[in-house]
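Per the working numbering, the sequence shown runs over residues 659 to 876. Even for Gly, the Cβ is constructed at its ideal location relative to N, Cα and C. Remember, predicted model here, so these are calculated numbers, not experimental data. For reference, the structure discussed in these notes is given below.
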Amino acid sequence: SSKRMPIRLQTVQELSQAKPFDTNEEGVTFQEFMNKDPGSNTFKNLIDTKDYDQIERNFWEFLENPDSETVQVDYASDLKSDEFMAKEASEDANYQNHPWNMNRLHLQKNSLLQFCEDKYISGITKSWLYVGMMYSSFCWHYEDLMMYSLNYMHEGEGKIWYAIPSYHREKFERLAKDKLASRFSEDPNLLLDINVMLNPAYLVENGVHVYRTHQKPG
């Protein structure tokens, strides 16, 4: 698609401080995003590695060490999938009518959302698209309307998810407020801003159950 994607500029070292992201509203096309020179040697040294555990360790080391090499990455989020859908897919009847089409799941017989019928509810009945670089992140957050999340990965080297069960929500919130007390005093609704990143190791050490999975394309 030649449509431009607004970009969030994330500095990994600042994620632990829950700072707001800078944005490039003019955005870039998907091809421009893919062609971008990563610049940092951190990326160039890892570009061909399949050691995902090492990449994960590096991410948390950067995040918790403000004096390390500054790592800034681009991230496009909350893109309306129907605006960025390939023409071939939009004209493919098999795709459009497939029961696992993310934009039709709410119409399935046993879906609680079937009563929405054809109402356009962005991010609920109409899926969103996300495009990220290595080390880009969608920070700790509550799912929309506290519902479950479905995610399909089209392409890339895979990504790591962390999840906390609902019964440890309050414990997580207390730890976040302890860790980032000054930021919460400025903004009591900080967790709704989706820019809070806490190391899962810290959460586990303090009794929070954290689940982890490595998602790959397909």
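- Is the shortest distance between the beta-carbon of Cys797 and the beta-carbons of chain B less than 9 Å? Among the chains in the structure shown there is no chain B, since it carries only a single protein chain.
- Query: Under a Cβ-count criterion, where at least 16 other Cβ atoms within 10 Å of its own Cβ denotes burial, should Ala676 be classed as buried or exposed?
  - Reply: buried
- Whether Gly685 touches Ala751 by CB criterion (9 Å): no
- Message: Could you compute how far the alpha carbon of Gln712 sits from the alpha carbon of Gly814?
- Response: 17 Å
- Within 10 angstroms of its Cβ, does Trp798 collect 16 or more other Cβ (buried), or is it exposed? buried
- Query: Going by beta carbon distance, what residues of the same chain come within less than 6 Å of His872, once the five residues before and after it are set aside?
  - Reply: Excluding residues within five positions, the ones whose Cβ falls inside 6 Å are Gly816, Ile818.
- Task: Give the DSSP-derived three-state secondary structure of His764 in the structure shown.
- Result: In this structure, His764 counts as helix in the three-state DSSP scheme.
- Message: Once the 5 residues before and after Tyr869 are set aside, which same chain residues still bring their CB inside 6 Å of it?
- Response: Ala821.
- Counting along the chain, where does the beta strand (DSSP E) carrying Asp732 start and finish? 730 to 738
- Message: Looking at the secondary structure, which residues open and close the beta strand (DSSP E) in which Gln668 lies?
- Response: 663 to 669
- Which residues in the same chain have their Cβ closer than 8 Å to the Cβ of Asp851, if we skip the five residues on either side of it in sequence? Ala676, Pro678, Asp845
- Message: Is the beta carbon of Phe691 closer than 9 Å to that of Asp732?
- Response: yes
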